[in-house]
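In what follows, a structure is listed as structure tokens, so that the remarks can point back to it.
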Amino acid sequence: MRLDLPLPPPPDVLRRGPFRAGAFSSRLHDPVVTAMVGRWLGIAFLTCFVTGLISHLLQYPPSWLVLPSRPVWGYRLSQGIHVTTGLAAVPLLLAKLWTVYPRLFAWPPATSLLCALERLSLLVLVPSALLEVATGVANVAQWYPWPFFFPTMHLWLGWITVGALLVHVATKAPVILDALRRPRAAEPAGDGMSRRGFMTAVGAAVGVVTLTTAGHTVWPLRHLAVLTPRRPDLGPQGLPVNRTAAAAGVERANAEAFRLEVRGPKPYTLSLAELRAMPQHESELPITCVEGWSASARWGGVRLSDLLDAAGAPPDASARVVSLEQSGIYNDSEVGADHARDPLTLLALDLNGEPLALDHGFPCRLIAPNRPGVLQTKWVTRLEVLA
Ligand SMILES: Nc1nc2c(c(=O)[nH]1)N[C@H]1C(S)=C(S)[C@@H](COP(=O)(O)O)O[C@H]1N2
Ligand SMILES: [Mo]
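The opening position of the sequence shown corresponds to residue 12 in the working numbering, with each subsequent residue numbered one higher.
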């Protein structure tokens, strides 16, 4: 079957309403404008996709992957880029769809089978791109109005969107290349906003979104972060809280009765006083929440490496920390050997010079470099050496 076989034209009586010739008069519904916005949207989507994959790999590391604990700010940078480009994609996506929506009413709807297939592929691309961006925005707002596990859904939508995007760009390549090569002077005559005016408006929208959201992770912009639910400087001890002790069902542990249980070749338990009597170290490390905010803080406590040595752990052993929190998906986490042996990785007792607030994980919590916030387990009560 030939895909470029022409299809018979539909009867002309159906050509009404938006299907009429000249139903859309703006000169901005033009392939050149679409290609100009599309280029920026493509860059935003691909950057967002790659940093999204990094985030996924760090949160759910496959067994074959050795995750490095450095650079300290690695995950902070990649997740900051992920959320920032994702939010910048909102105005770009809306602008892009606006420039092309009259194509929905093109007449005849399809001239060949190939053309029909290309148009059908948009039934995947447009909804998945909109959903991907919308679920990301909802996640930043910690709003989960769907029955799926967010990371899994967001990842699969990402693959579907990028797959459909590649098909779209491939089928549209001749139009895109032609539009981008056409001299800028060839702007169609007509009333209304010019191409330059439209691109400036889109750029301004991207700028406003970025400036009012990036502050949740870019410290100097924190006062401008009016469109995000979190500011990195607000919270107990100058640090935001992602899940409070009350929400996690954790009560303030009795400091006298608290014990850290260490399981390994040489198991032992430590009271809080004994933990404090061990060599104390300081680390300046960020918490980077997958939901977009990140903030650096000064942590004090015991090196995980020291605790593992005392338990007779081999140097290449990984470990698990288990929280006092009874349920929830973040009540334990695995620490790979690289992170476990990093001298900056602490079982922290102090935050910014004070004993940890309950909401930050009192009596002790894990803090490690280059690691997603979801794995910085709070209210730790057990450390296990893994074989
Ligand atoms: N036990 C436990 N630890 C946890 C969580 C949790 O829900 N339960 N949330 C994690 C998440 S998602 C983040 S971003 C960090 C935030 O730490 P903070 O609340 O001290 O800023 O804690 C992590 N540690
Ligand atoms: Mo988080």
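The beta-carbon is built from N, C-alpha and C at its ideal position, and this holds for glycine as well.
Inclusion of Ser294 and Leu362 in the CB contact set at 8 Å is not warranted, their separation being larger than that value. In this structure, Ala259 is the residue among Ala259, Asp343 and Ser37 with its C-alpha nearest to the C-alpha of Leu369. In this structure, ligand 2 has a non-hydrogen atom nearer than 7 Å to the beta-carbon of Glu302. Placement of the Cβ of Leu250 at a distance of less than 7 Å from at least one heavy atom of ligand 1 is found. The beta-carbon distance between His227 and Pro247, rounded to whole angstroms, is 17 Å. This is too long to meet the 8 Å contact definition. Leu238 is the residue among Glu302, Thr388, Arg263 and Leu238 whose C-alpha sits nearest the C-alpha of Leu222. In this structure the stretch 317-331 does not lie against the stretch 162-172, because fewer than three pairs of beta carbons, one per stretch, are closer than 8 Å. Three or more Cβ pairs drawn from the stretch 332-346 and the stretch 369-379 lie within less than 8 Å of each other, which places the two stretches in contact.
Beyond the five residues adjoining it in sequence on each side, Ala46 comes within less than 8 Å, by CB distance, of Val186, Ile187, Ala190 and Leu191 in the same chain, given in chain order. Rounded to the nearest angstrom, the Cβ distance from Gln70 to Pro383 is 5 Å, consistent with a contact under 8 Å.
Residue nearest to Ile378 within the set Leu355, Leu394 and Thr392 is Leu355 (criterion: CA-CA distance). Setting aside the 5 residues that flank it on each side, His93 is surrounded in the same chain by Cys59, Thr62, Gly63 and Ser66, each with a C-beta closer than 7 Å to its C-beta; the list follows chain order. A heavy atom of ligand 1 is found nearer than 7 Å to the CB of Arg254. Note on Gly91: 16 or more other CB atoms within 10 angstroms of its CB, so buried under the neighbour-count rule. When distances are taken from the beta-carbon of Gly384 to the heavy atoms of ligand 2, the shortest one is below 7 Å. Residue nearest to Gln291 within the set Leu360, Arg31 and Pro119 is Leu360 (criterion: CA-CA distance). Within the stretch 223-260, the alpha helix (DSSP H) runs of at least 4 residues that lie entirely inside it are, in chain order, 256-259. Within the same chain, Asn363 come within 6 Å of Gly249 by CB-CB distance, once the 5 residues on both sides are set aside.
Taking the Cβ atoms as the reference, Val396 lies roughly 6 Å from Ala330, within the contact range of under 8 Å. Inclusion of Leu176 and Leu136 in the CB contact set at 8 Å is warranted, their separation being smaller than that value. Pro194 has its alpha-carbon roughly 24 Å from the corresponding atom of Pro113.
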